[in-house]
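**Q** Protein chains in written order, with this note's numbering: chain A, 11 to 383; chain B, 11 to 383.
There are 2 protein chains.
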Amino acid sequence: MNDDFKVTPWEVTGEIDYDQLITRFGTKKMDQELIDRLAGYGELHPMLRRGVVYSHRDFDWLLDQYDKGNRFFLYTGRGPSGGTHLGHLMPWMFNRYLQDLFKVNMYFQLTDDEKYLFNENLSLEDTKMAAYENVLDFIALGFEPENTKVILDTKDIKLLYPLALKVAKRVTFSTAKAVFGFENSHNIGQIFYTSIQAAPCFIEDALYGKKTPCLIPCGIDQDAHFRVARDVAPLLGYPKPTLIYNKMFPGLTGSDKMSSSQPQTTIFTTDKPKDVKKKIGNAFTGGQVSVEEQRKLGGRPEVCSVFKYQYYLFENDDKALDDLTERCRKGEILCGECKQLLTKRINEFLEEHQRKREEAKERLHEFLLPDSC
Amino acid sequence: MNDDFKVTPWEVTGEIDYDQLITRFGTKKMDQELIDRLAGYGELHPMLRRGVVYSHRDFDWLLDQYDKGNRFFLYTGRGPSGGTHLGHLMPWMFNRYLQDLFKVNMYFQLTDDEKYLFNENLSLEDTKMAAYENVLDFIALGFEPENTKVILDTKDIKLLYPLALKVAKRVTFSTAKAVFGFENSHNIGQIFYTSIQAAPCFIEDALYGKKTPCLIPCGIDQDAHFRVARDVAPLLGYPKPTLIYNKMFPGLTGSDKMSSSQPQTTIFTTDKPKDVKKKIGNAFTGGQVSVEEQRKLGGRPEVCSVFKYQYYLFENDDKALDDLTERCRKGEILCGECKQLLTKRINEFLEEHQRKREEAKERLHEFLLPDSC
């Protein structure tokens, strides 16, 4: 068993064994029964069919509640440390899908305070600026201000702070240390911060006096925060937040997570077509060392970052994906052609996305919570 | 040497050796030279003449700055856990004196978050309610809204939070543990809280973009917070906050600090004349066991809580105080008469104070910071 990987809210390294993470964190597998049940509400998202969204906490309970007429709300977020890349869009797209399916409210938290506290080199102005860039991408995915609100921690702290205090009062340093691995050298803002990330779980109480259940679709790297939030919720008289976890979006280097700190192997939402072409051109694939070997032995889609992009995000048609897989294994398609296909897909997507992203600048104010909150 | 006392922001117990606190905390004595210098700005306050205000950090530097034309602002506060008693008024009165003397801005922080985090039995509603009661007493002392603003942590958190984050980022758990004695069982809100108490030291930067020096006249029990704030200030490009410390206002039991948790031996600003009469009647004095012994041996004003009240707060005339001391020592005045004198003084003071306190209800809104801050 591979133990040599790390998945925390601030660090994802090594080759991730996702099944082992389920055991490590104590979450549940999104099993076939639950996926079949979801199919009852509408068409299944490819991320569900393909196990990209693969684990949960109490999602079955949340559906029971929903079936009884108790609505929930969606909450996800982003730590704004830099530009938005494709890996960030993935869970937001899944949130968009769920919002369409269940017709519920959505809250999107931009944790400019977190990124300031955890990055020595970032100022609060830096993280606020990054938050602005990130939220445009979120809005560009098709959310509507009628049922979607954006939380910027430093802007909306008056709303969050009393909730955060209630959480903080119930979390000892001992717990924080055990969950996040804090040491004496961590700063006192980092230690407190999880309270701020927990606050939106209970936001409809602050906004409307309602103890609405909350569903958080996000990367499994965020589980530590929500283990804490779930322990505290009943002590405050709230339902435990429920979660759906996706795997990390792969990097172009073949590593397990796309990372903004490696801009040459990361596709940002503002990249130009020639940037994308170059980055995909340099991507790690499952191809053989020569064209002849590839024709003879075939490629290995299971390790290929170009294939993974199709699998995670760009080829929604299962049949077409199977065909691609087969052609690769048989050596019928070479890496160059595959890269061209993906580049075209990404650039088509980005052209449209960048247009919507520009429009989002005009609409952003509609998504903000009023300052009086 | 008496070591058996504890003075922290959350606990004051034992018989306090104030000179030893200077050594323990590393503050400076308010020496005659500094007191003489202060006399150059205007009449000396009795608390200065009598050593009630007795220690400082960099107050001489602040006066140098003032003499060069660099104004400072005053900052003090209150942890709103219950009603206001006479001990709370003492440093606020001294702040009022300094504001009159130097004609500077004043900020008064009500730490409803702190009291919530540190008191298991208090809700945020409780501490907010207590803050309202406390601030009326503050305003009643004669502050004016033109140069005095009230900060309520949960209300004004949007202003405080970015400053608090900047402080928090520079304070490790290691430091917080050393300064405040935190243990694993402390909650993560308590650990973060000192950042919020540090924030007003830099508030004129947030309000006006000015790095104005800050003077904090307060009880010496608050020194731990400001040791941290002073270490961090230069790292953020701010002048170190300067401090003037007063001794703790004595309790009626003869203990070293009046405490709201003992309502029968604590005089609240809303007490009725008969309450005051009863409480002073039961006060611990330096009298002898019988009238005859007292006439013969005299009393001991140095241990008498009734005398201390005159000394700390009610007899501003040094000559009259000396007379009282002498008559007590000679057995010329008995405890009953002394108690009557003090009761009369307190009730006269409270009658006027309670009238101004009622007026403060109408004026409170003028002292608040705008919500848009």
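Backbone N, C-alpha and C define an ideal beta-carbon position, used for all residues, glycine too. Since this is a predicted model, take the numbers as computed values, not measurements.
1. For the segment 165-175 of chain B against the segment 153-170 of chain A, do three or more pairs of beta-carbon atoms, one drawn from each stretch, fall closer than 8 Å, so that the two count as touching?
2. Tell me which residues share the same chain as ASP70(A) and place their Cβ nearer than 7 Å to its Cβ, disregarding the 5 neighbours each side in the sequence.
3. What does ASP123(A) reach in chain B if we use C-beta pairs closer than 8 Å?
4. Does the distance from the C-beta atom of THR204(B) to that of ALA188(B) stay below 8 Å?
5. Strictly below 7 Å CB to CB, what residues from chain A border ALA186(B)?
6. Look up ASN197(B) in the DSSP assignment and say whether it is helix, strand or coil.
7. Entirely within the segment 55-113 of chain B and at least 4 residues each: give me those alpha helix (DSSP H) ranges in chain order.
8. Give, in chain order, every residue of the segment 253-287 of chain B whose Cβ lies closer than 7 Å to some Cβ of chain A.
9. Let's see if you can read the secondary structure: which residues bound the alpha helix (DSSP H) around GLN119(B)?
10. On the CB-based measure, 16 or more other CB atoms within 10 Å of its CB, does GLU124(A) come out buried or exposed?
11. With three or more beta-carbon pairs closer than 8 Å as the criterion, would you say the segment 238-247 of chain A touches the segment 206-213 of chain A?
12. Any beta carbon from chain A within less than 8 Å of ILE201(B)'s own beta carbon?
13. Anything in chain A within Cβ reach of ASN194(B), meaning under 8 Å, just list it in chain order.
14. Among the residues of its own chain, which have a CB less than 7 Å from the CB of ILE26(B), if the five just before and after it don't count?
15. Is any beta-carbon of chain A found at less than 8 Å from that of LEU127(B)?
16. Using 8 Å as the cut-off, can you tell me whether the segment 79-98 of chain B makes contact with the segment 113-130 of chain B, which would need three or more C-beta pairs spanning the two stretches below that distance?
17. Where does ARG88(A) land, buried or exposed, given buried means 16+ other C-beta within 10 angstroms?
18. From this set, LEU162(B), ASP110(B), ARG337(B), which residue's C-alpha is nearest PHE153(B)'s C-alpha?
19. Going along chain B in order, which residues have a C-beta closer than 7 Å to the C-beta of LYS168(A)?
20. By Cβ distance below 6 Å, which residues in the same chain neighbour VAL242(A) in space, the five residues on each side in sequence not counted?
21. In the DSSP assignment, what residue or residues form a beta bridge with CYS224(B)?
22. I'd like to know if ALA178(B) contacts chain A, where contact means its C-beta is closer than 8 Å to some C-beta of that chain.
23. How many Å lie between THR275(B) and GLU130(B) at the Cα?
24. Going along chain A in order, which residues have a C-beta closer than 7 Å to the C-beta of SER91(B)?
25. Could you give the residue range of the alpha helix (DSSP H) that holds GLU303(B)?
26. Determine the extent of the beta strand (DSSP E) in which VAL22(B) is found, giving its start and end residues.
27. Between the alpha carbons of LEU73(B) and THR263(B), how many angstroms are there, rounded?
28. Rounded to whole angstroms, how far is the Cβ of TYR255(B) from the Cβ of CYS211(B), which I believe are closer than 8 Å?
29. Ignoring anything shorter than 3 residues or poking outside the segment 240-291 of chain B, list the beta strand (DSSP E) runs there in chain order.
30. Taking just the CA atoms, how far does LEU120(A) sit from ARG339(A)?
31. Taking the beta carbon of THR33(B) as the centre, do at least 16 other beta carbons fall within 10 Å, making it buried, or is it exposed?
32. At which residues does the beta strand (DSSP E) containing THR137(B) begin and terminate?
33. The segment 132-164 of chain B: which residues have C-beta closer than 7 Å to a C-beta of chain A, in chain order?
34. Tell me, please, whether the CB atom of SER205(B) is closer than 8 Å to any CB atom in chain A?
35. Just the C-alpha distance for SER315(B) and GLN298(B), rounded to the nearest angstrom, thanks.
36. Anyone know if the C-beta pair for THR279(B) and ASP147(B) falls short of 8 Å?
**A** This is what the structure gives:
1. yes
2. Here residue 70(A) corresponds to residue number 60 of the first sequence, with the count starting at 1. Closer than 7 Å at the Cβ level, and outside the excluded window around ASP70(A), lie LEU44.
3. Numbered from its first residue, the first sequence carries residue 123(A) at position 113. Here the neighbours are TYR171, LEU175.
4. Working through the second sequence from its first residue, we reach residue 204(B) at position 194. Working through the second sequence from its first residue, we reach residue 188(B) at position 178. Contact: no.
5. Locating residue 186(B) in the second sequence gives position 176, counting from the first residue. Chain A residues near ALA186(B): ILE198.
6. Taking the second sequence and counting its residues from 1, one reaches residue 197(B) at position 187. In the structure shown, ASN197(B) sits in a strand (DSSP, three-state: E or B).
7. 56-59, 69-77, 96-112
8. none
9. Here residue 119(B) corresponds to residue number 109 of the second sequence, with the count starting at 1. Here GLN119(B) belongs to no alpha helix (DSSP H); instead the beta strand (DSSP E) covers 115-120.
10. Your numbering for residue 124(A) matches position 114 in the first sequence. It is buried - the Cβ of GLU124(A) has at least 16 other Cβ atoms within 10 Å.
11. yes
12. Working through the second sequence from its first residue, we reach residue 201(B) at position 191. True, the Cβ-Cβ gap to chain A drops below 8 Å.
13. To locate residue 194(B), count along the second sequence from 1; it is residue 184. Within chain A, the residues near ASN194(B) are THR182, PHE183, SER184, LYS187.
14. For this step, residue 26(B) is matched to residue 16 along the second sequence. So the list reads PHE15, VAL17, MET258, ASP266, once near-sequence residues are dropped.
15. If you number the second sequence from 1, residue 127(B) lands on position 117. It does: the Cβ of LEU127(B) has a partner Cβ on chain A nearer than 8 Å.
16. yes
17. Position 78 of the first sequence holds residue 88(A). ARG88(A) is buried by the Cβ-count criterion.
18. Counting from one through the second sequence, the residue named residue 153(B) turns up at place 143. Taking only the C-alpha atoms, the option nearest PHE153(B) is ASP110(B).
19. Numbered from its first residue, the first sequence carries residue 168(A) at position 158. ILE167, LYS168, listed in chain order.
20. The residue you call residue 242(A) lines up with position 232 of the first sequence. The residues are VAL177, ARG180.
21. Counting from one through the second sequence, the residue named residue 224(B) turns up at place 214. Note: CYS224(B) sits in a beta bridge opposite PHE83(B).
22. For the purposes of this step, residue 178(B) is taken as the residue at position 168 of the second sequence. By this cut-off, ALA178(B) is an interface position.
23. Taking the first residue of the second sequence as position 1, residue 275(B) is located at position 265. Taking the first residue of the second sequence as position 1, residue 130(B) is located at position 120. Approximately 24 Å, taken between the alpha carbons.
24. Position 81 of the second sequence, counted from the first residue, corresponds to residue 91(B). By Cβ distance, chain A contributes nothing, its closest Cβ being about 15 Å from SER91(B), past 7 Å.
25. As a position in the second sequence, residue 303(B) is number 293, starting the count at 1. Counting along the chain, the alpha helix (DSSP H) containing GLU303(B) begins and ends at 301-307.
26. Position 12 of the second sequence, counted from the start, is the residue given in the question as residue 22(B). Counting along the chain, the beta strand (DSSP E) containing VAL22(B) begins and ends at 21-23.
27. In the second sequence, the residue the question calls residue 73(B) occupies position 63. In the second sequence, the residue the question calls residue 263(B) occupies position 253. Those two C-alpha atoms are separated by around 38 Å.
28. Locating residue 255(B) in the second sequence gives position 245, where the first residue counts as 1. Locating residue 211(B) in the second sequence gives position 201, where the first residue counts as 1. With a Cβ gap of about 15 Å, TYR255(B) and CYS211(B) do not count as contacting.
29. 252-256
30. Position 329 of the first sequence, counted from the start, is the residue given in the question as residue 339(A). Position 110 of the first sequence, counted from the start, is the residue given in the question as residue 120(A). Distance between the alpha carbons of ARG339(A) and LEU120(A) is about 42 Å.
31. Taking the first residue of the second sequence as position 1, residue 33(B) is located at position 23. THR33(B) is exposed by the Cβ-count criterion.
32. Taking the second sequence and counting its residues from 1, one reaches residue 137(B) at position 127. From DSSP, THR137(B) is part of no beta strand (DSSP E) but of the alpha helix (DSSP H) over 134-150.
33. LEU134, THR164
34. Counting from 1 along the second sequence, the entry for residue 205(B) is found at position 195. Output row for SER205(B): interface = yes.
35. Numbered from its first residue, the second sequence carries residue 315(B) at position 305. Numbered from its first residue, the second sequence carries residue 298(B) at position 288. Rounded to whole angstroms, SER315(B) to GLN298(B) spans 14 Å at the Cα level.
36. Sequence index remark: in the second sequence, residue 279(B) carries index 269 (1-based). Sequence index remark: in the second sequence, residue 147(B) carries index 137 (1-based). In this structure, ASP147(B) lies closer than 8 Å to THR279(B) by Cβ.
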